[in-house]
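In my numbering, the protein residues as written are 330 to 855.
See the structure below:
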């Protein structure tokens, strides 16, 4: 691992400038890039009082003496009323905002936004946009806002849409995009470009980028897609191409690390209410009725948790982060029977990744993955529904009437709601400003309410998960009155596992490992 520089931070922007001083270059290593814990292209700047900037790559790191141009926004009448529209070069965003008075300042990311100088002339830009992975509300909005933002803010006219995911680069499936052609696509679900999993051939993709003369690449997708974007950036850097690679993180499950939330999540929670309401109506309309709703959440139960809290009609919420058991004292069957005797009906919400440990034997015999490398899960909703029916069909037990609802694809396919549409616009504009300013190899998103440029590895090395020792999960347990299904020993173990590691500096002045973001850090708690 490269050595760290402990000199006083004069300006974080120096690290990504072609005019970096010799002393600053010594601090960050050859070519303006320093490896951290074996990660390539990691740039670290240290400042006073434990300040750490995890910077993103810049074109001048490997192409020195690039010319700069005045930002055309300064002549844009729409922005003439904005006070200090350009972001200060030294502006950064803190990853942690709840600190003690004696705490080090901690990890920061470079603030997103327009710079006074840009590294591309408007007529020089040839941009492309690609969407990868599963569908998510807001994909078309992001596409629209990248196209309109490039055209209206920076006067860019050459924008290509790469069809059907990564494989579209070398299959030569492209469509020209203009503000007119994307004008009303935000009103539609899905993606006008099409999407796919897999198909990542780095050499073919970069060959296509080079052959077409593309110099800005906007990649919209989840953590697997962002890993692919990182590899594309590394190959572009290796070839010394003046190509900016910007990622826009997408996952309906809200499981991307570091950022406050992912686009489409609010829409998913809102749409899930319809399924929960239907389950509630079905269950209360019959004797001992049970309405079960399966929601998305392969590894993280955010949609199930927030949909449950928003509904107030749910009696039990099961998520991947909180194990549960069926039989015996304190088990799910006992709770269902108790609830039916008290209320005469109940609603259960289960995330798709919940209870997979109960299906472990079946899963071991399968162990299949999809093209993105995600483990294929058995349908826990169908399995659990049958288990509940079988249990209560036993002699001497109450008779139940269970209805199972799976709205997964209905939720994924709808257009974004108003708040997600606004959020998608901010993500798209932040990515555009970063690429025009010469930043590359980054993904964009809000950190504590402020948009920032984040190195690819930070959003792909861990996943955001519900922390079951947080107050938000406690609020859910209080709302549903369900048992935690955890023993005192399990709770103590969960507390130790969820204990945040010190993200600031240890005694060796090195950056510690990064912990999973807690629910309370999600800017959704009071």
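All C-beta atoms, glycine included, are put in the ideal place defined by N, C-alpha and C.
Other residues of its chain near residue i: CB distance less than 7 Å, five sequence neighbours each side excluded
| i | result |
| --- | --- |
| residue 775 | 588 and 589 |
| residue 640 | 602 and 605 |
| residue 599 | 746 |
| residue 402 | 408, 414, 443 and 482 |
| residue 662 | 655, 656 and 720 |
| residue 636 | 598, 601, 602, 605, 624 and 678 |
| residue 611 | 618, 620 and 732 |
| residue 607 | 734 |
| residue 531 | 560, 561 and 564 |
Sheet register partners of residue i (DSSP bridge)
| i | result |
| --- | --- |
| residue 424 | Paired residues: none, contrary to the question. |
| residue 782 | 439 and 773 |
| residue 509 | Note: residue 509 sits in no beta bridge, so no partner. |
| residue 383 | 373 |
| residue 731 | 619 |
| residue 792 | 585 |
| residue 861 | Since the first and last residues shown for the chain are 330 and 855, residue 861 lies out of range. |
| residue 458 | 490 and 547 |
| residue 393 | Note: residue 393 sits in no beta bridge, so no partner. |
| residue 558 | None, per the DSSP bridge assignment. |
| residue 675 | 619 |
C-beta atoms of residue i and residue j nearer than 9 Å
| i | j | result |
| --- | --- | --- |
| residue 626 | residue 683 | yes |
| residue 518 | residue 717 | no |
| residue 781 | residue 773 | yes |
| residue 452 | residue 421 | no |
| residue 761 | residue 475 | yes |
| residue 544 | residue 456 | yes |
| residue 794 | residue 628 | yes |
| residue 498 | residue 769 | no |
| residue 799 | residue 595 | no |
| residue 630 | residue 646 | yes |
| residue 710 | residue 447 | no |
| residue 393 | residue 445 | no |
| residue 470 | residue 550 | no |
| residue 736 | residue 622 | yes |
| residue 468 | residue 537 | no |
| residue 764 | residue 449 | yes |
| residue 558 | residue 574 | yes |
| residue 652 | residue 805 | no |
Contact set for residue i: own chain, Cβ-Cβ below 6 Å, skip 5 residues either direction
| i | result |
| --- | --- |
| residue 541 | none |
| residue 833 | With a pLDDT of 37 at residue 833, under the threshold of 50, the modelled position of that residue is not reliable, and the figure given next carries that caveat. These residues qualify, in order along the chain: 379, 433 and 435. |
| residue 355 | Because residue 355 carries a pLDDT of 34, less than 50, the predicted location of this residue cannot be relied on, and no value is offered for it. |
| residue 490 | 458, 504, 506 and 522 |
| residue 759 | 441, 773 and 780 |
| residue 382 | 341, 374, 421 and 437 |
| residue 528 | 494, 495 and 496 |
| residue 546 | 457 and 574 |
Sequence-distant residues of the same chain with beta carbon closer than 8 Å to residue i, five excluded per side
| i | result |
| --- | --- |
| residue 430 | none |
| residue 613 | 673 and 674 |
| residue 484 | 401, 451 and 452 |
| residue 615 | 674 and 730 |
Residue i versus residue j: straight-line alpha-carbon distance, rounded
| i | j | result |
| --- | --- | --- |
| residue 633 | residue 664 | 19 Å |
| residue 756 | residue 591 | 10 Å |
| residue 593 | residue 724 | 46 Å |
| residue 726 | residue 740 | 36 Å |
| residue 463 | residue 516 | 18 Å |
| residue 568 | residue 395 | 16 Å |
| residue 777 | residue 712 | 39 Å |
| residue 439 | residue 389 | 16 Å |
| residue 385 | residue 813 | 41 Å |
| residue 526 | residue 669 | 43 Å |
| residue 687 | residue 714 | 14 Å |
| residue 479 | residue 428 | 38 Å |
| residue 753 | residue 802 | 28 Å |
| residue 783 | residue 771 | 5 Å |
| residue 552 | residue 796 | 20 Å |
| residue 405 | residue 548 | 27 Å |
| residue 729 | residue 520 | 42 Å |
| residue 501 | residue 571 | 21 Å |
| residue 649 | residue 667 | 24 Å |
| residue 807 | residue 708 | 28 Å |
| residue 564 | residue 533 | 11 Å |
| residue 554 | residue 580 | 10 Å |
| residue 508 | residue 418 | 30 Å |
| residue 785 | residue 576 | 8 Å |
| residue 643 | residue 685 | 21 Å |
Start-end ranges of the alpha helix (DSSP H) lying completely within the segment 615–650, minimum 4 residues: As far as the segment 615–650 is concerned, its whole alpha helix (DSSP H) runs of at least 4 residues are 631–640.
Start-end ranges of the alpha helix (DSSP H) lying completely within the segment 471–555, minimum 4 residues: 497–500 and 531–541
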